[in-house]
Amino acid sequence: MSIKLDGINCFYGAHQALFDITLQCPEGETLVLLGPSGAGKSSLLRVLNLLEMPKSGTLAIAGNHFDFAKTPSDKAIRELRQNVGMVFQQYNLWPHLTVVQNLIEAPCRVLGLSKDQAMARAEKLLERLRLKPFSDRYPLHLSGGQQQRVAIARALMMEPQVLLFDEPTAALDPEITAQIVSIIHELAETNITQVIVTHEVEVARKTASRVVYMENGYIVEQGDASCFNSPQTDAFRSYLSH
1 MSIKLDGINC FYGAHQALFD ITLQCPEGET LVLLGPSGAG KSSLLRVLNL
51 LEMPKSGTLA IAGNHFDFAK TPSDKAIREL RQNVGMVFQQ YNLWPHLTVV
101 QNLIEAPCRV LGLSKDQAMA RAEKLLERLR LKPFSDRYPL HLSGGQQQRV
151 AIARALMMEP QVLLFDEPTA ALDPEITAQI VSIIHELAET NITQVIVTHE
201 VEVARKTASR VVYMENGYIV EQGDASCFNS PQTDAFRSYL SH
């Protein structure tokens, strides 16, 4: 099992953002977290690499295990983030570095790769994500879709077992959205586990092998992709019809 959460509760100050979240995702699946704004999707995604720290419950992900009855060590969090990559909604590229420099920075610093080793890894990903012509450009000179592909490539440079996407197609036009969906499909064939937050039902339908529908910090419904055609709850059925 690539991801397993049990009884996760998460707070922002006095406000509870996640309520008793329990779910499983087998290795190699593409899990989509779907729901309206404020449902808790991004909070749950951020729990998966401990950008948000739950108050209680347990998390097992990519061979890392946490019981939030006690605070995880910095070392354990660093190890988790080497195995769990994240593609942020705002891309979070380093503006002062070129595309290829953005890719090789973390593998050299964190994994201890030589520059030659990191460059060899970067070349393959630049080719795979059709970014080779842009390798010496700075993020400022890239379109939104190009920046998104660089962000995906940068996360893949660490060779994670799990890849997290926060609204990967937000503010992208239909053609670029189709490219990102195609990349997610290609990654699924490599047996990487993917977790995708989106509010776009069509993107969810095209990418999900498993789906979790959330409202107000609760999981309302979860299951495999057949849920899209035969939702089990009125809430999910209503959401899909909008």
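In this note's numbering, the protein residues as written are 1 to 242. Positions of the beta carbon are idealized from the N, C-alpha and C atoms, including for glycine.
Looking at the unbroken alpha helix (DSSP H) that takes in residue 145, where does it start and where does it end?
Reading the sequence shown from its first residue, position 145 is the one you call residue 145. Taken as a continuous stretch (DSSP letters only), the alpha helix (DSSP H) holding residue 145 covers 144-156.
Applying the 10 Å Cβ sphere with the 16-neighbour rule, what's the burial state of residue 41?
Indexing the sequence shown from 1 puts residue 41 at position 41. Its Cβ being crowded by 16 or more others within 10 Å, residue 41 is buried.
With DSSP run on the structure shown, which of helix, strand or coil describes residue 190?
On the sequence shown, position 190 is the one that residue 190 refers to. Coil at residue 190, not helix or strand.
Cβ-based neighbour list, residue 228, same chain, cut-off 6 angstroms, excluding 5 preceding and 5 following
What you label residue 228 is simply residue 228 of the sequence shown in a count that begins at 1. Apart from sequence neighbours up to five positions away, the residues of its chain that approach residue 228 with a beta-carbon distance below 6 angstroms are 205, ordered along the chain.
Would you mind giving the Cβ-Cβ distance between residue 220 and residue 213, rounded to the nearest angstrom? I have them listed as a contact below 8 angstroms.
By one-based count along the sequence shown, residue 220 stands at place 220. By one-based count along the sequence shown, residue 213 stands at place 213. Contact holds; Cβ gap of about 5 angstroms.
Which of the three DSSP states, helix, strand or coil, is assigned to residue 136?
If you number the sequence shown from 1, residue 136 lands on position 136. Residue 136: coil per DSSP, three-state reduction.
Among 70, 54, 225 and 149, the one whose alpha carbon lies nearest that of residue 15:
Residue 15 sits at position 15 when you count from the first residue of the sequence shown. Among 70, 54, 225 and 149, the Cα nearest to that of residue 15 belongs to 54.
Alpha carbon to alpha carbon, what distance is there between residue 163 and residue 107?
Sequence index remark: in the sequence shown, residue 107 carries index 107 (1-based). Sequence index remark: in the sequence shown, residue 163 carries index 163 (1-based). Roughly 16 angstroms separates the two Cα atoms.
Which residues mark the beginning and the end of the alpha helix (DSSP H) in which residue 201 is found?
Here residue 201 refers to the residue found at position 201 of the sequence shown. Start and end: 201-207.
Which two residues bound the contiguous beta strand (DSSP E) that contains residue 84?
To locate residue 84, count along the sequence shown from 1; it is residue 84. Unbroken beta strand (DSSP E) run through residue 84: 84-87.
Could you tell me how far apart the beta carbons of residue 179 and residue 91 are, in whole angstroms, since I believe they sit closer than 8 angstroms?
Taking the sequence shown and counting its residues from 1, the one referred to as residue 179 is at position 179. Taking the sequence shown and counting its residues from 1, the one referred to as residue 91 is at position 91. That pair is no contact at about 15 angstroms.
Could one say the Cβ of residue 180 lies closer than 8 angstroms to chain D's Cβ atoms, at least one of them?
Considering every chain present, this structure includes no chain D. It has just one protein chain.
Thinking C-beta only, is residue 44 closer than 8 angstroms to residue 33?
Stepping through the sequence shown from its first residue, residue 33 is reached at position 33. Stepping through the sequence shown from its first residue, residue 44 is reached at position 44. Their beta carbons are under 8 angstroms apart, which means residue 33 touches residue 44 by this criterion.
With a threshold of 16 other CB atoms inside 10 Å of the CB of residue 173, please say whether the residue is buried or exposed.
As a first step, residue 173 is located in the sequence shown; it is residue number 173 there, counting from the start. With fewer than 16 other Cβ atoms within 10 Å, it is exposed.
Assuming residue 5 is part of the beta strand (DSSP E), what are its boundary residues?
Position 5 of the sequence shown, counting from 1, holds the residue named residue 5. Membership of residue 5 in the beta strand (DSSP E) is indicated by the continuous run 3-12.
When the Cα of residue 31 is compared with those of 238, 231 and 193, which residue comes out closest?
For the purposes of this step, residue 31 is taken as the residue at position 31 of the sequence shown. Check the Cα spacing between residue 31 and each of 238, 231 and 193: the tightest is with 193.
Looking at residue 52: is its Cβ nearer than 8 angstroms to the Cβ of residue 64?
Stepping through the sequence shown from its first residue, residue 52 is reached at position 52. Stepping through the sequence shown from its first residue, residue 64 is reached at position 64. Taking 8 angstroms as the Cβ cut-off, residue 52 and residue 64 do not qualify as a contacting pair.
Counted within 10 angstroms of its Cβ, other Cβ atoms place residue 85 as buried (16 or more) or exposed
Against the sequence shown, residue 85 aligns to sequence position 85. Per the 10 Å Cβ criterion, buried.
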